[in-house]
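Line order of the protein sequences matches chains A and B.
All the letters of the first sequence, read from the start, carry residue numbers 0 to 266 under numbering that gives the first Met the number 0.
All the letters of the second sequence, read from the start, carry residue numbers 0 to 266 under numbering that gives the first Met the number 0.
Before any comments, here is the structure.
Number of protein chains: 2
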Amino acid sequence: MTMVDEATHALTPAQARARFRAGVSAPTSGWAAGYTQTNLIAVRRDWAYDVLMFCQRNEQPCPVLDVSEPGDPSTKLAAGADLRSDLPRYRIWENGELRAEVTDATPYWSDDLVAFSIGCSFTFETALAAEGIPLRHVEQGRNVAMYTTTRKCRPAGRLHGPMVVSMRYIPAGRVDDAIRITAEMPAVHGAPVHVGDPGALGISDLGKPDFGEPARPEPGDVPVFWACGVTPQAALMASKPPFAITHAPGHMLITDRRDDEYRVGRQ
Amino acid sequence: MTMVDEATHALTPAQARARFRAGVSAPTSGWAAGYTQTNLIAVRRDWAYDVLMFCQRNEQPCPVLDVSEPGDPSTKLAAGADLRSDLPRYRIWENGELRAEVTDATPYWSDDLVAFSIGCSFTFETALAAEGIPLRHVEQGRNVAMYTTTRKCRPAGRLHGPMVVSMRYIPAGRVDDAIRITAEMPAVHGAPVHVGDPGALGISDLGKPDFGEPARPEPGDVPVFWACGVTPQAALMASKPPFAITHAPGHMLITDRRDDEYRVGRQ
């Protein structure tokens with residue numbers, strides 16, 4: 000699969016969202032370069048407090064950038080966006096089971112759904128690339144690799160589950176830089192949660208991610224793991240709320256916010 | 000009033016909390032130097048979602064550092080602390096009206112109260128002082144001055160109100176440094192919301208703060224305004240939930256967390 004080409008890279012966020020609204024479906028890594036992408040999770044109002052508390056207690060995987068009023072499919076992060084249709088792919092969940100993957104969630108929407116927009120590690124990829132740190136999954140035209148770990152999130156009400164991480168192979172000599180750069184962006188997962196041995200997170204095979212696609216390391220690369228906004232989906236699977244809509248992993252909302260806005264002290 | 004002396008400055012957080020539990024009541028600025036202090040707001044469970052949403056939507060004045068389960072007076076921020084008694088002074092609110100100011104809130108507690116611990120600008124005072132920026136209110140032994148502004152917070156459900164700010168006089172030549180230092184601490188209000196003319200925030204007289212005490216400027220000082228954790232109290236007054244307990248302005252919870260923990264990229 001080829002995700003990134005000159006054309007999608009140069010799109011404005013509104014142009015990208017219009018393509019997805021029209022039915023295009025692709026992972027969004029590399030699209031509308033320089034603009035922040037977000038994870039989506041929408042639950043019924045009677046579960047919204049649990050989700051918001053879960054996010055507050057697990058800010059590194061679940062940094063909340065916006066929350067809608069019940070039923071409102073708009074977001075302050077993207078002018079004119081419709082959260083029901085402007086992401087390239089959605090997952091529909093019932094009682095913790097994945098029921099459907101669709102490109103338009105409008106038929107599943109209801110007026111008691113509360114939508115959470117959660118920060119995404121794609122945001123800091125711009126900053127990493129700007130300092131010359133290679134991104135193997137982008138070079139190789141793949142979705143980023145994500146893994147469910149054995150680290151438990153702090154529960155909140157009825158919501159509990161494991162932390163999910165994204166992994167990037169980083170040249171050993173640039174790991175310090177990658178830590179420094181991402182530490183400055185706490186609203187989009189911040190510094191890595193782990194560097195090196197995948198076994199420490201309970202990951203047995205980097206070649207078999209739970210979400211996304213595996214990337215090939217280059218000689219001298221080290222695996223570096225960041226908390227991931229797919230964590231709420233793992234919590235849905237574990238906690239089984241009656242209904243939820245999420246983005247499909249890697250298929251994000253492209254917002255109007257510049258990635259730089261989430262870099263502390265650099266605005 | 001003299002708030003700061005060698006003895007209180009050198010106390011551990013647990014020792015300070017024990018004094019307050021025993022009935023001592025004083026503003027906490029300068030106590031247990033180097034440890035983070037937090038604002039308290041506790042509301043009934045049926046208002047907790049509104050408060051949490053309000054804080055998410057107004058993160059600069061209301062950065063949430065911890066939320067309790069309903070009825071639980073403990074916090075992960077301070078081992079063994081009892082939120083009902085370990086702050087030096089509390090305010091009891093009914094329908095948006097201040098009903099009582101007490102040194103022990105235990106008689107007012109109930110098992111459906113959810114307690115929010117919110118970041119406080121005292122946290123960044125350590126960082127300012129460490130870089131040689133003078134703190135006039137500390138020098139003068141006063142509580143920091145706080146003002147209700149004409150800036151509106153983004154509403155959330157039933158909760159709405161104005162932003163409250165704390166003000167510190169800073170030597171003109173150090174304002175840039177103060178901005179840089181506090182911008183690195185977004186979990187405790189971050190960079191100033193305004194520098195200079197108080198009228199731009201609708202403040203008519205710096206000598207008459209709405210909370211706390213006025214400080215005297217030194218020649219060449221400029222007023223610098225930071226978003227303030229008393230903002231939820233202004234929202235209580237405006238939004239009139241049936242019941243709430245808060246700290247009294249300036250009379251904070253002293254946590255076990257080091258101020259440095261809230262400095263991005265410096266851990």
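All C-beta atoms in this analysis are idealised placements derived from N, C-alpha and C, irrespective of residue type, glycine included.
The model shown is predicted, which means the values in this text are computed figures rather than measured ones.
Span separating the alpha-carbon of residue i from that of residue j
| i | j | result |
| --- | --- | --- |
| A/R56 | A/A155 | 7 Å |
| B/A99 | B/P12 | 26 Å |
| A/D71 | A/L82 | 9 Å |
| B/G140 | A/S120 | 45 Å |
| A/G201 | B/S238 | 48 Å |
| A/V192 | B/G198 | 45 Å |
| A/D209 | A/Y34 | 26 Å |
| B/T102 | A/R43 | 40 Å |
| B/A144 | B/A243 | 23 Å |
| A/P106 | A/I91 | 11 Å |
| B/A6 | B/A31 | 9 Å |
| B/L51 | A/D45 | 14 Å |
| B/M2 | B/V137 | No answer about B/M2 holds up, because its pLDDT of 45 lies below 50 and its placement is not dependable. |
| A/D196 | A/P161 | 18 Å |
| A/G211 | A/P62 | 20 Å |
| B/G118 | B/C54 | 11 Å |
| A/P240 | B/S67 | 22 Å |
| A/L10 | A/F115 | 25 Å |
| A/A171 | A/I180 | 15 Å |
| B/L64 | A/A186 | 14 Å |
| A/A25 | A/N142 | 9 Å |
| A/A190 | A/F224 | 9 Å |
| B/V194 | B/K151 | 18 Å |
| A/K75 | A/V23 | 23 Å |
| B/S73 | A/I169 | 41 Å |
Counted within 10 angstroms of its Cβ, other Cβ atoms place residue i as buried (16 or more) or exposed
| i | result |
| --- | --- |
| B/S109 | exposed |
| A/N94 | exposed |
| B/D258 | buried |
| A/S203 | exposed |
| B/T149 | exposed |
| A/H250 | buried |
| A/R167 | buried |
| B/R256 | buried |
| B/G79 | exposed |
| A/E96 | exposed |
| B/E124 | buried |
| B/A177 | buried |
| B/D85 | buried |
| A/A214 | buried |
| A/R173 | buried |
| B/G219 | exposed |
| B/D77 | Before going on, a small fix: residue 77 of chain B reads as Ala here, not Asp. Looking at its Cβ environment, which holds 16 or more other Cβ atoms inside 10 Å, B/A77 is buried. |
| B/A129 | exposed |
| B/G131 | exposed |
| A/G206 | exposed |
| B/D175 | exposed |
Residue i in three-state terms, based on DSSP
| i | result |
| --- | --- |
| A/V263 | coil |
| B/I91 | strand |
| A/T7 | helix |
| B/M184 | coil |
| A/S84 | coil |
| B/H136 | helix |
| B/L158 | strand |
| A/E68 | coil |
| B/W46 | helix |
| A/V174 | helix |
| A/L76 | coil |
| A/A31 | coil |
| B/D220 | strand |
| B/L97 | strand |
Beta-carbon separation (whole angstroms), residue i vs residue j, contact threshold 8 Å
| i | j | result |
| --- | --- | --- |
| B/A21 | B/I253 | About 14 Å separates the two Cβ atoms, so there is no contact after all. |
| A/R88 | A/P216 | In fact, because the Cβ distance is near 27 Å, the residues do not count as touching under 8 Å. |
| B/Q36 | B/A226 | The pair is not a contact, with the Cβ atoms about 16 Å apart (cut-off 8 Å). |
| B/R262 | B/A126 | 6 Å |
| A/H159 | A/A234 | 7 Å |
| B/V163 | B/T230 | 5 Å |
| A/A182 | A/L112 | With a Cβ gap of about 34 Å, A/A182 and A/L112 do not count as contacting. |
Distance cut-off 7 Å: residue i Cβ against heavy atoms of the ligand GDP
| i | result |
| --- | --- |
| A/Y34 | The ligand GDP is absent from the structure shown, which contains no ligands of any kind. |
* Asked: If you measure beta-carbon to beta-carbon, which residues of the region 31-51 of chain B are closer than 7 Å to chain A?
  -> A47, Y48, L51
* Closer than 7 Å, Cβ to Cβ, to anything on chain A: give me those residues from the region 59-73 of chain B, in chain order. => V63, V66
* What residues in the region 179-202 of chain B have a beta carbon less than 9 Å from any beta carbon of chain A? -> R179, A182, E183, M184, P185, A186, G189, A190
* **Residues of the region 122-152 of chain A whose Cβ lies closer than 9 Å to any Cβ of chain B, in chain order** => none
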